[in-house]
Amino acid sequence: MHTSDQYLRLKRDFAELQLRVTQFSSVEQQLIIARDSLDQELVQYKRLNKLSAAILQATSELEFINLVTDGIIDILELESSIVFVGDSEDLNSGYFSSEGLGHYKGNQQHLISVLFNVLSTGNNIHLNKEDIQKHKELHVFSDVLGFLFKDDTKNSVLLAVGFVGVSNAKLYRNIDNRTKSIFSVFSDKIKLQFLNRNKNTKIKEQLERISQSEIELKKLSMIATNTKNGVIIANKFGEIEWVNNSFSKTSGYEMHEVLGKKPGNFLQGLETSPDAKSAISEALSKKLPIEIVLLNYDKRGREYYVQLEVIPVFNDHGEHVNFIALQKDMTDEIKYQQEILRMNSKFELVTDSSKIGIWEWDLINKSGVCNSNLRQQFGISEEVSSDLIFSIFKNSILPEDKEWVMKGIYEVIHGTALNVVQTFRIENNLTGKQSTLHCFTLAEKDTKGNLLRLIGSTFDITDSINAQQDILEKNEELKKINSELDNFVYSVSHDLRSPLVSIKGILMNVLRMGTLDEKATRFLQLAEVSANRLDDTIQEIMEYSKNARLGLTLEEVNLKALCQTIFDDLRFSVEDYFEFHYKSTISDLIFTDKYRITALLKNIIGNAVKYHRKDILNPYVELSVKHDHEALVLTVTDNGIGISEKSISRIFEMFYRATTSSVGTGLGLYICKEIVTKLNGEISAESQEGIGTTMLVRMPKLNAKDYENEIN
Ligand code: ADP
Numbered sequence: 012m013h014t015s016d017q018y019l020r021l022k023r024d025f026a027e028l029q030l031r032v033t034q035f036s037s038v039e040q041q042l043i044i045a046r047d048s049l050d051q052e053l054v055q056y057k058r059l060n061k062l063s064a065a066i067l068q069a070t071s072e073l074e075f076i077n078l079v080t081d082g083i084i085d086i087l088e089l090e091s092s093i094v095f096v097g098d099s100e101d102l103n104s105g106y107f108s109s110e111g112l113g114h115y116k117g118n119q120q121h122l123i124s125v126l127f128n129v130l131s132t133g134n135n136i137h138l139n140k141e142d143i144q145k146h147k148e149l150h151v152f153s154d155v156l157g158f159l160f161k162d163d164t165k166n167s168v169l170l171a172v173g174f175v176g177v178s179n180a181k182l183y184r185n186i187d188n189r190t191k192s193i194f195s196v197f198s199d200k201i202k203l204q205f206l207n208r209n210k211n212t213k214i215k216e217q218l219e220r221i222s223q224s225e226i227e228l229k230k231l232s233m234i235a236t237n238t239k240n241g242v243i244i245a246n247k248f249g250e251i252e253w254v255n256n257s258f259s260k261t262s263g264y265e266m267h268e269v270l271g272k273k274p275g276n277f278l279q280g281l282e283t284s285p286d287a288k289s290a291i292s293e294a295l296s297k298k299l300p301i302e303i304v305l306l307n308y309d310k311r312g313r314e315y316y317v318q319l320e321v322i323p324v325f326n327d328h329g330e331h332v333n334f335i336a337l338q339k340d341m342t343d344e345i346k347y348q349q350e351i352l353r354m355n356s357k358f359e360l361v362t363d364s365s366k367i368g369i370w371e372w373d374l375i376n377k378s379g380v381c382n383s384n385l386r387q388q389f390g391i392s393e394e395v396s397s398d399l400i401f402s403i404f405k406n407s408i409l410p411e412d413k414e415w416v417m418k419g420i421y422e423v424i425h426g427t428a429l430n431v432v433q434t435f436r437i438e439n440n441l442t443g444k445q446s447t448l449h450c451f452t453l454a455e456k457d458t459k460g461n462l463l464r465l466i467g468s469t470f471d472i473t474d475s476i477n478a479q480q481d482i483l484e485k486n487e488e489l490k491k492i493n494s495e496l497d498n499f500v501y502s503v504s505h506d507l508r509s510p511l512v513s514i515k516g517i518l519m520n521v522l523r524m525g526t527l528d529e530k531a532t533r534f535l536q537l538a539e540v541s542a543n544r545l546d547d548t549i550q551e552i553m554e555y556s557k558n559a560r561l562g563l564t565l566e567e568v569n570l571k572a573l574c575q576t577i578f579d580d581l582r583f584s585v586e587d588y589f590e591f592h593y594k595s596t597i598s599d600l601i602f603t604d605k606y607r608i609t610a611l612l613k614n615i616i617g618n619a620v621k622y623h624r625k626d627i628l629n630p631y632v633e634l635s636v637k638h639d640h641e642a643l644v645l646t647v648t649d650n651g652i653g654i655s656e657k658s659i660s661r662i663f664e665m666f667y668r669a670t671t672s673s674v675g676t677g678l679g680l681y682i683c684k685e686i687v688t689k690l691n692g693e694i695s696a697e698s699q700e701g702i703g704t705t706m707l708v709r710m711p712k713l714n715a716k717d718y719e720n721e722i723n
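Residue numbering for the sequence shown is 12 to 723, as defined by my numbering.
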């Protein structure tokens, strides 16, 4: 073979070989690329599985959307992502999460609403540069890949979107079919998990509800067991299936004794109202609820009242299955009610017999009630309807009293006064007779202080006012008669005394002349004694009427000097030796009525002198003066004949004389008592026959500043 041919052949073979090698290496290259891309996909699927597993564990919505946000970046290898889960109607109500959106300067919430509109088709959508041009808000992105998925059963949506930004577009792979197909697997998985999550929450909610109703049931059975009210559960025939402890406690029957029995057969008795019984049987037969107050009997036959509530129970299919009966022990309430009724009727009896009118005005319903006394007082006949009572009440008040009376009542209505007590005149509607009422009005309020009604009582005081008026008039009349009498007594005594003084003078002169015989002298002496006695009496009557007629005249009096003068005057009226002592712990000057203190001491000291013992050597009278708190105390002690026990209580009576041995008038101490009374003081006596007498006078200091210089 020719070498050149050989060469050519060799050259041809080489070229062919070279071509083959080239072809081979391009296939190899393709193979390598395919293997790489398969590796890549494998990694992405692995990541996807990992993400699914993580999502399954996610306990909250927030954790779920955070995982999806990360997944978009990790698995699809995009630059940034945003995920939203929430209410399709209200985008502000859900949660969202984003990653890598630092370069997006706009509001992300707004970005979500833009994506909502753009992705509204429901499919996976890829927006490339040209599509993006149509949406101003998305201009910063070069690629947008995402979906919007709605769960119609729950009205909730899932939005998941990945982005590549314009500025970093070169660093990221183009979104090719491979990426899209992985995204479609990714989105299917995520959507499924989203639906499952929603279902899970539904199941959870249901479980929650069931456990809640179990708790409710437990609570109910606790209540039924522990309530203070009796509880009976009966079957549909009304036969007892269960009773609680309170039922046993009140009725005395244990559960085992009553099982299968009908409650009415052993709880009701003779006095149980037949109407109540038939109302219960009717409700039970019609399977209707009933509430009624009933008299029951316990195991020992004791009566007790219950408020009975029977409720028929139906199952889910509407079939009647049970009766539940609740029994509230009302015995105490009924007893209280009966007590109140009893009290009320007593109260009515009292008001009726005491002629007290009672009225009540309901301010909410604008209606009133009143008792028969009030109707009588105002002349309201039985036919007059109760809503007119208040206006009749108002219009019966005499015009001159009406304004202030109503003002007082409105003060009670408006809460400025709690109650008002008024005395006013009214004119009877039927008879036209005027009368005076004493009226007490008060407001009744609820616990919140809102006014409910006005309550009032009226008492006719016309008679007592007239009687009072009579007494006042009579009193005035008496006062007048009294002073006229005092004047009369004074003028009569005065008129009597002048001729008496002349007679006394004549008698004295005739006796002094000494020209009469013995017999005539004795007669005239007797006449003189009688004339003197008459003069004493007249003078004392004058003293009495002077005290009664004249008002007090207060002045400074030297008590010691006054007593000395009185004693000196008296000393000469007795023949015997007589001692006078004056003891004082206060100033001699006192502030008093001079005429009265003189008359008082004259009488008391005069008696001590008059009734002294003639058989002793040292008859005396001692006046001691002191202050006791705010009182001036005068004590006059003598060692005279004394006063017997039976007489001492009467010596201050008018004309009372404890002894006939002296020539007293029996007026002196009576006048003393009148004087001391006028000076607001008291007088008393202590005495022992044969030992002596002590007269005690106690009267208020008349002017404190005049008693300042006390002698201690
Ligand atoms: P009379 O004018 O009789 O003295 P009085 O009213 O002064 O009237 O006294 C009433 C009676 O009290 C006297 O009658 C006398 O019996 C008795 N009596 C009053 N003071 C004394 C006294 N100091 N000692 C004894 N008896 C007295």
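Glycine included, C-beta positions come from ideal geometry on N, C-alpha and C.
Original post:
If you draw a straight line from the alpha carbon of F534 to that of T564, how long is it in whole angstroms?
Top reply: Translated into positions along the sequence shown, residue 534 becomes position 523. Translated into positions along the sequence shown, residue 564 becomes position 553. If you take the alpha carbons of F534 and T564, they lie about 44 Å apart.
Subject >> beta strand (DSSP E) runs contained entirely in the region 579-665, provided each spans 3 or more residues >> reply: 590-595, 600-604, 631-639, 642-649
Original post:
Can you tell which of N614, N486, P711, T236 has the C-alpha that lies nearest to the C-alpha of M266?
Top reply: Stepping through the sequence shown from its first residue, residue 266 is reached at position 255. The shortest Cα separation from M266 among N614, N486, P711, T236 belongs to T236.
Subject >> Inter-residue Cα distance where the pair is D591 and D481 >> reply: Indexing the sequence shown from 1 puts residue 591 at position 580. Indexing the sequence shown from 1 puts residue 481 at position 470. In the sequence as displayed, the identity of residue 591 is Phe instead of Asp. Those two C-alpha atoms are separated by around 53 Å.
Original post:
In chain order, which beta strand (DSSP E) runs of at least 3 residues are fully inside the region 299-384?
Top reply: 301-308, 314-325, 331-340, 367-373, 378-381
Original post:
Alpha carbon to alpha carbon, what distance is there between V708 and N720?
Top reply: What you label residue 720 is simply residue 709 of the sequence shown in a count that begins at 1. What you label residue 708 is simply residue 697 of the sequence shown in a count that begins at 1. Below a pLDDT of 50, predicted positions are generally treated as unreliable, and N720, at 40, falls in that range; no measurement from the model is reported.
**OP:** Mind checking who Q445 pairs with in its DSSP beta bridge?
**Re:** Sequence index remark: in the sequence shown, residue 445 carries index 434 (1-based). For Q445, which the question treats as bridged, DSSP gives the partners E438.
**OP:** May I ask whether a heavy atom of ligand 1 can be found less than 8 Å away from the beta carbon of R533?
**Re:** Residue numbering aside, residue 533 sits at position 522 when the sequence shown is read from its first letter. Incorrect: R533 has no Cβ contact closer than 8 Å to ligand 1.
Subject >> Distance between M665 and N569 (C-alpha atoms, nearest Å) >> reply: Within the sequence shown, numbered from 1, the residue matching residue 569 stands at position 558. Within the sequence shown, numbered from 1, the residue matching residue 665 stands at position 654. Roughly 30 Å between the two C-alpha positions.
Original post:
So V151 and G176 are in contact, right, with Cβ under 8 Å, and what is the actual spacing, rounded?
Top reply: Position 140 of the sequence shown, counting from 1, holds the residue named residue 151. Position 165 of the sequence shown, counting from 1, holds the residue named residue 176. About 6 Å separates the two Cβ atoms, so the contact holds.
Original post:
Got a sec, what are the start and stop residues for the alpha helix (DSSP H) T548 sits in?
Top reply: As a position in the sequence shown, residue 548 is number 537, starting the count at 1. T548 -> alpha helix (DSSP H) spans 529-560.
**OP:** Compare the C-alpha of K247 against each of T705, S655, V324 and name the closest.
**Re:** The sequence position of residue 247 within the sequence shown is 236, counting from 1. Checking every option, the nearest Cα to that of K247 belongs to V324.
Subject >> Three-state secondary structure assigned by DSSP to D187 >> reply: Numbered from its first residue, the sequence shown carries residue 187 at position 176. Note: D187 maps to coil in three-state DSSP.
Original post:
Are the Cβ atoms of Y264 and D309 separated by less than 9 Å?
Top reply: On the sequence shown, position 253 is the one that residue 264 refers to. On the sequence shown, position 298 is the one that residue 309 refers to. Cβ distance < 9 Å, so Y264 and D309 count as in contact.
**OP:** Return yes when at least one heavy atom of ligand 1 lies under 8 Å from the C-beta of L612, else no.
**Re:** Numbered from 1 along the sequence shown, position 601 holds the residue referred to as residue 612. Incorrect: L612 has no Cβ contact closer than 8 Å to ligand 1.
Original post:
If you run the structure through DSSP and keep just helix, strand and coil, what is E697?
Top reply: On the sequence shown, residue 697 is found 686 positions in, with the first residue counted as 1. Three-state result, E697: strand.
**OP:** Can you tell me which of the three DSSP states I702 falls into?
**Re:** Position 691 of the sequence shown holds residue 702. I702 falls in the coil class under three-state DSSP.
Original post:
So, using beta-carbon positions, are I424 and L465 closer together than 9 Å?
Top reply: The residue given as residue 424 occupies position 413 in the sequence shown. The residue given as residue 465 occupies position 454 in the sequence shown. Cβ atoms of I424 and L465: closer than 9 Å.
Subject >> CA-to-CA distance, L429 to K260, given in whole angstroms >> reply: Position 249 of the sequence shown, counted from the first residue, corresponds to residue 260. Position 418 of the sequence shown, counted from the first residue, corresponds to residue 429. Cα-Cα distance, rounded: 46 Å.
**OP:** Using alpha carbons as the reference points, say which of T671, V94, N255 lies closest to S658.
**Re:** The count along the sequence shown starts at 1 and reaches residue 658 at position 647. When each option's Cα is compared against that of S658, the closest is T671.
Subject >> S284, DSSP secondary structure in three states >> reply: Taking the sequence shown and counting its residues from 1, one reaches residue 284 at position 273. S284: coil per DSSP, three-state reduction.
Original post:
If we call anything under 9 Å between Cβ atoms a contact, is V96 one with L169?
Top reply: Residue 96 sits at position 85 when you count from the first residue of the sequence shown. Residue 169 sits at position 158 when you count from the first residue of the sequence shown. Contact flag set, yes.
Subject >> I226 burial status per 10 Å Cβ neighbour count (16 or more: buried) >> reply: For the purposes of this step, residue 226 is taken as the residue at position 215 of the sequence shown. Answer is exposed; the Cβ neighbour count stays below 16.
Original post:
Short check: CB of C450 to CB of G426, under 9 Å?
Top reply: Position 439 of the sequence shown, counting from 1, holds the residue named residue 450. Position 415 of the sequence shown, counting from 1, holds the residue named residue 426. Not closer than 9 Å, so no.
Original post:
Since Y106 sits in a beta bridge, which residues does DSSP pair it with?
Top reply: Translated into the one-based positions of the sequence shown, residue 106 becomes position 95. DSSP lists V96 as partners of Y106.
**OP:** Quick one: grab the DSSP three-state call for N728.
**Re:** The shown model of the chain, from 12 to 723, leaves out residue 728, and the question about it has no answer.
Original post:
Quick check: the region 351-371 against the region 407-420, are there 3 or more CB pairs under 8 Å?
Top reply: no
Original post:
Helix, strand or coil: which one does DSSP assign to L278?
Top reply: To locate residue 278, count along the sequence shown from 1; it is residue 267. Helix, per DSSP.
Original post:
If you draw a straight line from the C-alpha of Y555 to the C-alpha of E488, how long is it?
Top reply: Taking the first residue of the sequence shown as 1, we reach residue 555 at position 544. Taking the first residue of the sequence shown as 1, we reach residue 488 at position 477. Cα-Cα distance, rounded: 21 Å.
**OP:** Report back the beta-carbon spacing between I93 and L122 to the nearest angstrom; my notes put them in contact at under 8 Å.
**Re:** Stepping through the sequence shown from its first residue, residue 93 is reached at position 82. Stepping through the sequence shown from its first residue, residue 122 is reached at position 111. 7 Å between Cβ atoms; contact.
Original post:
Can the beta-carbon of F602 be found less than 9 Å from the beta-carbon of E641?
Top reply: One-based indexing of the sequence shown puts residue 602 at position 591. One-based indexing of the sequence shown puts residue 641 at position 630. For F602 and E641, no; Cβs fall outside 9 Å.
Original post:
On the three-pair Cβ rule with 8 Å, is the region 200-220 touching the region 181-191?
Top reply: no
**OP:** Identify the continuous beta strand (DSSP E) that holds D161 and give its terminal residues.
**Re:** Against the sequence shown, residue 161 aligns to sequence position 150. The question names Asp, but residue 161 in the sequence shown is Lys. Segment 152-162, the beta strand (DSSP E) holding K161.
Original post:
Rounded C-beta distance between N355 and K366? I'm assuming under 8 Å.
Top reply: Within the sequence shown, residue 355 is the residue found at index 344, counting from 1. Within the sequence shown, residue 366 is the residue found at index 355, counting from 1. Between K366 and N355 the Cβ distance is about 18 Å, and since that is not below 8 Å, they are no contact.
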